[in-house]
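Trainee:
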Amino acid sequence: MRITVDAWDPSFADNPESPSRSGAAEVKAAIETPIAQWAPIDAPKTGPTRLLLVDGVRRIDARVELLEGGERRPGLCASWAAGSVACDLDGKVAAVTEIAVERGLFTEVDPKVDFGPYVFQDAGSAEPSDLIAAVQVAMARLEAKTASDMVMEAELAVLDGPLRGRTRLPNSVGYIKSHHRAYLPAGLNEVIERLGPGQRTPVFHLMSGWPRYSWYLRLPGASSRGWAGVARIEAADGLGEDAVVALADATAAALPPLASAAHKDPRAPQNLTPIAGLERRLKRQLGDARLLLRAVRTASAAH
Amino acid sequence: MTDSVGRVLGTEDATPLSFWVGVDSAAYAQLDDVLTTEREVPGVGTVRISGVVTTVRSRHEGAQFDSDVFDIAGGLLPAQVQEAAEVTVTRVEPEVFVPPTPGAAVERATGAERDRALYFDGMERQVPLGFSRDGQAVFLNADFLDGTRGAHVSISGISGVATKTSFATWLLYSLLNSGAIGAEAANTKALIFNVKGEDLLLLDHDNTRIDEEIREAYRRLGMPPGAFKSVEVLAPPREGDGNGVPDVACRSTGVDAFYWTLAEFCSGGLLPFVFADADDDRQQYTMVVHQVAARLRKEARPKDNGAVAVDGQLLTTYRDLVDLICERLSDDATRVEWAGSAIGLGTVNAFIRRLIASGRDIGRLVRGDLPPRGGAIASEAQVTVVDLHNLPDRAQRFVVGVVLRGEFERKEKAGTARPLQFVVLDELNKYAPREGTSPIKDILLDIAERGRSLGVILIGAQQTASEVERRIASNSAVRVVGRLDAAEATRPEYGFLTQAQRQRVLMAKPGTMFVGQPELPVPLVVNFPFPAWATRPAEAGSAPASSARSVTAKVDPFELAADDDDIPF
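Keeping their order, the protein sequence lines are chains Z and F. Counting from 1 along the first sequence, just add 141 to a position and that's the residue number in this note's numbering. Counting from 1 along the second sequence, just add 97 to a position and that's the residue number in this note's numbering.
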C-alpha cells in the first residue's frame, strides 16, 4: 500500500456547521402558551448556580490518500477534544473539570499501518463530506462521554450544539448558536424579534428530524433587534412538559450572564464566556498541527 | 533531602545561566529559595544545575484580556493560575555549561545540596551572615574577609533604614565569636569610628531588649548571644575642660579621652590633616601647609606635659601654636623661612585665615597641658571605639586621618599581616570622595590597595557607593547593600545585583542585606539577627565587669610610687 499525505490546507474541509436540510418543520407551538398568547417571557429572578458547560473542538490535521492496487481511497487525520467547565456562581469558581483528546484516521478500509497517534476509525464511505461527518460524530460521542461523567453534579448542563444522541442526560439542554432555518411558523417569528435581552419564547415541540422541545433565548449584547444575539435551546423529548418549562426558565436565568462581550469574541454574545475559555483550552490540547503533520509524514514514509 | 517544586519551563528559554521553573500547584517557590535540577549529558554523565530564585510570577492562563480577570473571579471563565520562578544559576557541577532540559524535575535544595549550590561546601572557614528567607543559615567565606584571597567590605544603603553600622558590628561579632578564624580571633583587633549618636558606645553592654528567640538565632549560627567582650571607648576631651575628661554622656566607665600633644603634632607632621577637606586641596595654600609642617618638625622642642618650645617660646595650647605660626608668617623677616619662597601674600593670608578658624575645632584635640598618652589610640582592648559624633567636621577629618595613618604605619612597621586590624568607618563618601584628593583619601586608598597584605581590613559604609572613590569600592571583596534610594540603585556600582534585586533593595527592611561575595555569582539576601549588644542607652544592661575593672585599673595607686625611688618618708 502506498500512502501520500496532502499538506495543503487541510482546514478547507473544516466547516463547523453541518449542511442545512430543507423541508418543512413540524412544530407544536402550544406547549406552554396557546398560540394566540405567544409573547416574550421574562426570566425568573433566580436560577441555578451550579452549571456545567460541555463543548468539543475538532481539527483536520492532514488529508491522506491510500493507494492500493490502483485504487485510491481518501482519508482524514483528525484530532478532536471535548471537555467540560463547571461554573459555581455562588463559589465564584469556574474550573475545567474534564478534558479528553482523541485522534483518528478516518478511511473506508483499515490500512493496517501504524499512523502514530492516529487510530483507524471506520468512516464507512470514501466521500469527503461523509469523512467529515464521521469526525463530527466521533467528537459528539466524546462530548457525550465527557458530559455523562460530570453532569450528575450540575443543576443545569449546557451541551454545545444540537442535543441529538445525548437526550438521556438529566438537566441537560442543547445550545445552538446559529440559525440556518426558521422552525416556527411565520406568524410566531415576530415574537423572536420582539425578545428583549434575557427574555425567551414559550417552549415549542419540534418534530422535524427527531423529536425534541425547543425555545429561543435572547442574550444581552450590543444589539437586540432582529435575530442578533438569539440562541436556540433544545431539551429532550422524554421530559414532561412542566419539567421542560422549568428547564427553559432555568436557562433564561442562568445563561444571559454568561454571554460574551463583542470586543472579546467574534461570535458574541452567543458564544458563552465559559465555552470560549474551554475552547481555547481544548484547542491547545489538540497539540501543534505542524508537529502532528510531521508525525503523519514520518509514519507514511515508512511504508 | 529534597522536595519537588516543579519542572523546567519550555516556553521560556532555559540557559546555563538562568532558567524558568513552572511551579507545581501543590508546591511553592519564593524569592531566594535554592533550587536544583539534573540532566544527563552524553559522555559526561549527570550534570547538576543549581541556583537561586530571583523572580517569581503568577498569571492566569487562558485569559486573553485584562477584564477576563473579573469573569474568572466571578466563576464564569475557566482559567488556570500558574506560577513560575526564574532561577539564576549559581553552580553547575561538573562544569559543563549546558542548559537544563525543559520538563526536567526541579527540587528544592536542602542540606548538603544547598551548601553545594551556594558554595558553602568549599568554604573551610565560614563566617555566619544570618539567615536567608527560608530560615537557613548563610555564610561568608572568611578567606575573602581576612585577606587570604580578598579583603575589605563595602556597605551601602540609605541612612537610618539600611542598618549599615549594625551590620558592620554584627559582621565583626560574627567573625570574632563564630570560631571561623580560630584562635586568631583572640588577637584580632577592631577600630570603630562612631560618627553619629552614641550608637556604638555601648558595644560591651548586653541588650536588654532581645528575647529568647533572638538568642536562639545566635546559637543556631554557632555563637553565643551577648555583647562584645573587650571594648574601650575613646572620646575627645570635653570642650574647655583642663583635665581632659572624655565628652560622653551615656557611659562613665570604660571611657578614656583621646588627644594629641603639641609635641606629637609637631614631630608627627599632623598639620596637613587639619586641612583634610577636599576643598582645601584645590587651593594654593597646600604648599604653605607642608612648608609650615616641615618647619614645625624642625623647630619644635618637646617640653613637659606635651608642650613644645619654638624659638625659645613655650607653647601649651593649640591656639598658642596658631598664634606663633601667624606671627611668623605675617613678619616679613620670617615669612620666607616659614612659608617658603615665591609664595604670594594672598596665599599666605588664605592659609592664616583657615588656620585661625581651625583653632576652635582642633583646640581640644591637640593639647600642651596634658601628659602624653603614648599614642592617642593606644588601646589594649579588642574593640576600640573612637567617638567622633560631637566633633565638628574638620575635627572629625583630623581624627580619622591621623588615627588611620597611625594604624597603617604601625602595621607597616610590624611587617606582618597578623594579627588582623579591622577598621570600621561610616560615611566613606565624605572621607574618600570620588572627586578630588585629600590626605585621608590617600591613606584610605593605601589601605584598600595594600591593606590586604598588611592585615588592615577596611569595613567601609556609605549612603552612596557611587560617590566613593572607585578604586576603594573595586578593591572590596565583599559588597553589602541595604535599602537604597531609587536613583542610586540604578548606578553601575550596583551592577553585581540582579535586575530583580535592584528593585528589591528599594524596599529592603531594616535587618535585610544583599551580600555579594566573589565566589557566588548572585548576591545572597540575608536577614541578620538583632544586635545582642546595646545600641542605645535605653537598651543597655549593666556595665560589664571588664569595663568596671578598667576604671580602677586606670588609676593605679602604685604608679606614682614607681616614679619616685625615694623612700616616702
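Each residue gets a CB set at the ideal place from its N, CA and C atoms; glycine is no exception.
#1: With DSSP as the reference, identify every bridge partner of HIS346(Z), one or two as the case may be.
#2: On the DSSP letters alone, give me the boundaries of the alpha helix (DSSP H) that THR414(Z) sits inside.
#3: Under 7 Å Cβ-Cβ, which residues of chain F neighbour THR414(Z)?
#4: Under 8 Å between C-beta atoms, does GLN161(F) make it to chain Z?
#5: Could you tell me which whole alpha helix (DSSP H) segments of length 4 or greater appear in the stretch 359-442 of chain F?
#6: Which term fits VAL90(F), buried or exposed, when burial requires 16 or more other beta carbons within 10 angstroms of its beta carbon?
#7: Kindly indicate which three-state DSSP category TRP368(Z) falls into: helix, strand or coil?
#8: From which residue to which residue does the alpha helix (DSSP H) around ASP383(Z) run?
#9: Is ILE176(Z) helix, strand or coil when you go by DSSP?
#10: Taking 8 Å as the threshold (beta carbon to beta carbon), is GLY257(Z) in contact with chain F?
#11: Find the nearest neighbour of PRO369(F) within the set ILE459(F), ALA430(F), ASP401(F) and GLU281(F), judged by alpha-carbon distance.
#12: Would you say ARG421(Z) faces chain F, with C-beta separation under 8 Å as the test?
#13: Give the DSSP bridge partners of GLY224(Z), in chain order.
#14: Should ILE333(Z) be labelled buried (16 or more other beta-carbon atoms within 10 Å of its own) or exposed?
#15: Using only the alpha-carbon positions, how far apart do ASP229(Z) and VAL186(F) sit?
#16: Any Cβ of chain F within less than 8 Å of the Cβ of CYS218(Z)?
#17: Which class does LYS286(F) belong to by DSSP, given the choice of helix, strand or coil?
#18: Starting from TRP668(F), trace the beta strand (DSSP E) both ways and give me its first and last residue.
#19: Does the CB of ALA235(Z) have a neighbour CB from chain F at under 8 Å?
#20: Taking DSSP's pairing of strands, which residues face PHE611(F) in a bridge?
#21: Please return the same chain residues whose Cβ sits closer than 8 Å to the Cβ of GLY592(F), not counting the five positions on each side in sequence.
#22: Using DSSP with H/G/I as helix, E/B as strand and the rest coil, what is LEU432(Z)?
#23: Show which residues of chain F have a CB atom less than 9 Å away from the CB atom of GLY232(Z).
#24: Could you please give the first and the last residue of the uninterrupted alpha helix (DSSP H) stretch that includes PRO536(F)?
#25: So for GLU294(Z), helix, strand or coil by DSSP?
#26: Helix, strand or coil for TYR270(F) per DSSP?
#27: My understanding is that VAL553(F) touches GLU504(F), with C-beta atoms under 8 Å, so please give their C-beta distance in whole angstroms.
#28: So, are the CB atoms of VAL131(F) and VAL120(F) less than 8 Å apart?
#29: If the cut is a Cβ gap below 8 Å, which residues of chain F does VAL242(Z) touch?
#30: Answer yes or no: do VAL482(F) and LEU331(F) have a C-beta to C-beta separation smaller than 8 Å?
#31: GLN262(Z) lies in the beta strand (DSSP E); which residues open and close that run?
#32: Roughly how many whole angstroms lie between the Cα atoms of GLN127(F) and ASP100(F)?
#33: How big is the Cα-Cα spacing for GLY498(F) and LEU237(F)?
#34: Please classify TYR316(Z): does DSSP put it in a helix, a strand, or coil?
#35: Measuring only between beta-carbons, confirm whether VAL445(Z) sits less than 8 Å from chain F.
#36: On the criterion of 16 or more Cβ atoms from any shown chain inside 10 Å, does ALA295(Z) qualify as buried, or is it exposed?
Mentor: In short, the structure shows the following:
#1: LYS169(Z) and TYR354(Z)
#2: 414-426
#3: ASP168, LEU173 and LEU174
#4: yes
#5: 359-364, 368-371, 375-378, 383-396, 415-427 and 429-436
#6: The structure shown has nothing for residue 90(F), since chain F only spans 98 to 666.
#7: coil
#8: 382-395
#9: helix
#10: no
#11: ILE459(F)
#12: yes
#13: ASP196(Z) and ILE240(Z)
#14: buried
#15: 42 Å
#16: no
#17: strand
#18: Coverage of chain F is limited to positions 98 through 666, which leaves residue 668(F) absent and any answer about it impossible.
#19: yes
#20: VAL578(F) and VAL622(F)
#21: none
#22: helix
#23: GLY172
#24: 536-551
#25: helix
#26: helix
#27: 7 Å
#28: no
#29: Correct list: empty, because the minimum Cβ distance to chain F is about 16 Å.
#30: yes
#31: 260-263
#32: 14 Å
#33: 30 Å
#34: strand
#35: The structure shown does not extend to residue 445(Z), since chain Z is modelled only from 142 through 444, so no value can be given for it.
#36: buried
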